[in-house]
Amino acid sequence: MEATALQSPHTTATETTSKPVGKTGVLLVNLGTPDSPSVPHVRKYLREFLMDGRVIDIPYIPRFLLVNGIIAPFRAPKSAKIYRELWNENGSPLKHYGYVVTKLVQEQLGDDYVVQLAMRYQSPSIDAGLAQFQQLGLNNIVVVPFFPQYASASTGSVYEKVMDILKTWQVIPQVRFVNRFLEHPKFIEGFAERGRKYMNEREYDHYLFSYHGLPERQIRKGDVDKTVCKFGECCASLRPDNQHCYRAQCFETTRRLVKELGIPEGKYTTSFQSRLGNDPWIKPYTDDEIKLFAGKGIKSVLAFSPAFVADCLETTIEVGEEYRELFEEHGGEHWQLVESLNDSPLWIEAVVDMVKKS
Numbered sequence: 002m003e004a005t006a007l008q009s010p011h012t013t014a015t016e017t018t019s020k021p022v023g024k025t026g027v028l029l030v031n032l033g034t035p036d037s038p039s040v041p042h043v044r045k046y047l048r049e050f051l052m053d054g055r056v057i058d059i060p061y062i063p064r065f066l067l068v069n070g071i072i073a074p075f076r077a078p079k080s081a082k083i084y085r086e087l088w089n090e091n092g093s094p095l096k097h098y099g100y101v102v103t104k105l106v107q108e109q110l111g112d113d114y115v116v117q118l119a120m121r122y123q124s125p126s127i128d129a130g131l132a133q134f135q136q137l138g139l140n141n142i143v144v145v146p147f148f149p150q151y152a153s154a155s156t157g158s159v160y161e162k163v164m165d166i167l168k169t170w171q172v173i174p175q176v177r178f179v180n181r182f183l184e185h186p187k188f189i190e191g192f193a194e195r196g197r198k199y200m201n202e203r204e205y206d207h208y209l210f211s212y213h214g215l216p217e218r219q220i221r222k223g224d225v226d227k228t229v230c231k232f233g234e235c236c237a238s239l240r241p242d243n244q245h246c247y248r249a250q251c252f253e254t255t256r257r258l259v260k261e262l263g264i265p266e267g268k269y270t271t272s273f274q275s276r277l278g279n280d281p282w283i284k285p286y287t288d289d290e291i292k293l294f295a296g297k298g299i300k301s302v303l304a305f306s307p308a309f310v311a312d313c314l315e316t317t318i319e320v321g322e323e324y325r326e327l328f329e330e331h332g333g334e335h336w337q338l339v340e341s342l343n344d345s346p347l348w349i350e351a352v353v354d355m356v357k358k359s
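Under this note's numbering, the first residue of the sequence shown carries the number 2, and numbering increases by one thereafter.
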C-alpha cells in the first residue's frame, strides 16, 4: 500500500509511474456529525470522537475515564441543544453538503470512478465506504480528507483508520491520500469568492480568520527534531522545516486569502477557536482577540473559517452566533460570517482536480 507524499503545491498524495487499471474508488471523508440532535446520538458521537487517541492524546485508561465519566455524560445535553439550533430541513449541514458534493464530484469524474462519502466518526462510516470498494473489486483508491490543513487529530486520524481497515484485507489495493490542499488555487478562490460577496456590500473595519485550535503538545509532537516549533515567528512562513505544523499551515492559508482579497496589513487577524480543557492550546485565542477589537476602534468584522469546507457547529454556531454576541457585548456593531465552501462550484472543481492529480 502506498501512502507517501507528493511534491505538488496543491496536494500531497502518491505518485504512480503508470495509470491505474479499472475503476478508481474515491473516498471523501469529513469529520462527522451526530445522526440526530438527540442527547443519546450526541453522546454516542462524542464518545467515538473523543476516544480517538489522536484527538485526546493521553493514555487509554485516563482517556476512557475522562470521556465516558465526565465529558460525554455532562456535555451531551448541552451539545444536543446546540445541534438542534444547527439542524435544518436537510438535517446536519455538514452531512447534507457532503452528499451534495459527492454527487457533483461523481458527475464530474464520470464512470471511471466510484465516489463515496464517509465520516471519520459516525455515519456513513469509513468501513462502509471501503467495503463497497472491496465488493466492487477496485484496486485503486484515492482518499480525500476534507481538511485543508494537515493535523494529526484530523487528517492523520483518517489515515490511521483507513490503514487499520485495509490491513485486514487479503488483497490490499493501491491507496493514495490527499494530505492537505490549502495551496490549491480553487480552494483559495472559493473562499475569496464567498468573502467578496460581503465585501462588495459594505466596508469592514477588520477581517478575522478563525481556525479550529489544537493543544500545543500536539504541535510539539510533530516537531520531530524539536528545533522548529516556537509558537511565534516560526509560523511567519511555510517552509520545508515547518510544513507539517498545523499552526504554520493556518497562517499560510490566511496569507493566501489576504493576498487574493487584497486586504491590507494590519486589518486582519489569524486566531484559533474551540479549545477544551486547561492545557495550553495554540494562540492567539479567537475569543480573546474579539474582546480587544472595540478598544482598537473596530466596529465591523467579516469572519472567515477556512479550516472547514462545510458549515457545521464550529462555523454557523460558534463563529456565526456566539462570537457575534461576544463582539457586540464588547462594543462591536456589525459581525458577518462568511459561509464555508459547501457546494461551491469552485470547491467541486478543486476536489475533482485533487482526485485526478493524486
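Virtual Cβ for every residue (Gly too), placed ideally from N, Cα, C.
Backbone secondary structure at residue i - three-state DSSP
i      : result
Ile57  : coil
Val225 : coil
Phe239 : For the record, residue 239 in the displayed sequence is Leu; it is not Phe. Coil at Leu239, not helix or strand.
His107 : According to the sequence provided, residue 107 is Gln. The question's His does not apply to it. In the structure shown, Gln107 sits in a helix (DSSP, three-state: H, G or I).
Gln117 : strand
Gln250 : helix
Phe294 : helix
Val353 : helix
Tyr286 : strand
Thr34  : coil
Gly26  : strand
Leu262 : helix
Gln274 : strand
Tyr100 : helix
Tyr208 : strand
Thr12  : Here the model assigns Thr12 a pLDDT of 44, short of 50, so the residue's position is not dependable, and the following value carries that caveat. Coil at Thr12, not helix or strand.
Within 8 Å, strictly: CB atoms of residue i and residue j
i      : j      : result
Val40  : Ala73  : no
Ser301 : His335 : yes
Asp53  : Gln219 : no
Val106 : Val353 : yes
Cys246 : Gly214 : no
Lys260 : Phe273 : no
Leu95  : Cys313 : yes
His207 : Phe305 : no
Asp344 : Val102 : yes
Phe192 : Leu258 : yes
Ile142 : Pro186 : no
Cys236 : Tyr212 : no
Gly33  : Asn140 : no
Trp282 : Glu217 : yes
For residue j and residue i, the rounded distance between their alpha carbons
i      : j      : result
Leu67  : Arg177 : 35 Å
Arg121 : Ser153 : 13 Å
Arg325 : Lys297 : 17 Å
Ala81  : Phe328 : 25 Å
Gly196 : Arg64  : 40 Å
Lys231 : Glu90  : 45 Å
Gly267 : Glu49  : 41 Å
Ser155 : Val56  : 8 Å
Leu303 : Asp226 : 38 Å
Gly321 : Ser126 : 28 Å
Gly332 : Glu323 : 15 Å
Arg276 : Glu340 : 21 Å
Val163 : Pro241 : 27 Å
Met355 : Pro265 : 31 Å
Val129 : Glu202 : It is Ala, not Val, that sits at residue 129 in the sequence shown. Their Cα atoms are separated by approximately 45 Å.
Trp170 : Tyr160 : 16 Å
Lys292 : Thr271 : 14 Å
Ile62  : Ile71  : 13 Å
Tyr205 : Tyr199 : 9 Å
Arg221 : Leu239 : 16 Å
Ile83  : Gly157 : 27 Å
Glu86  : Val172 : 45 Å
Glu319 : Gln244 : 28 Å
Ala351 : Phe75  : 40 Å
Pro38  : Trp88  : 7 Å
Asn31  : Val144 : 11 Å
Lys79  : Ile349 : 34 Å
Ser93  : Lys104 : 17 Å
Arg44  : Gly278 : 18 Å
Glu184 : Tyr151 : 12 Å
His97  : Gly263 : 32 Å
CB-CB length for residue i against residue j, believed under 8 Å
i      : j      : result
Phe210 : Thr255 : 4 Å
Ala249 : Pro149 : With a Cβ gap of about 13 Å, Ala249 and Pro149 do not count as contacting.
Leu29  : Phe147 : 7 Å
Leu338 : Glu194 : Leu338 to Glu194, Cβ: 15 Å. No contact.
Tyr46  : Pro60  : Actually they do not touch by this definition, with Cβ atoms about 23 Å apart.
Val27  : Tyr114 : 5 Å
What beta strand (DSSP E) runs, 3 residues minimum, are completely inside the region 120–194?
141–146 and 175–178
What are the complete beta strand (DSSP E) segments, minimum 3 residues, inside the region 302–349?
335–338
Length at least 4, wholly inside the region 37–98: the alpha helix (DSSP H) runs in chain order
40–51, 61–67 and 73–87
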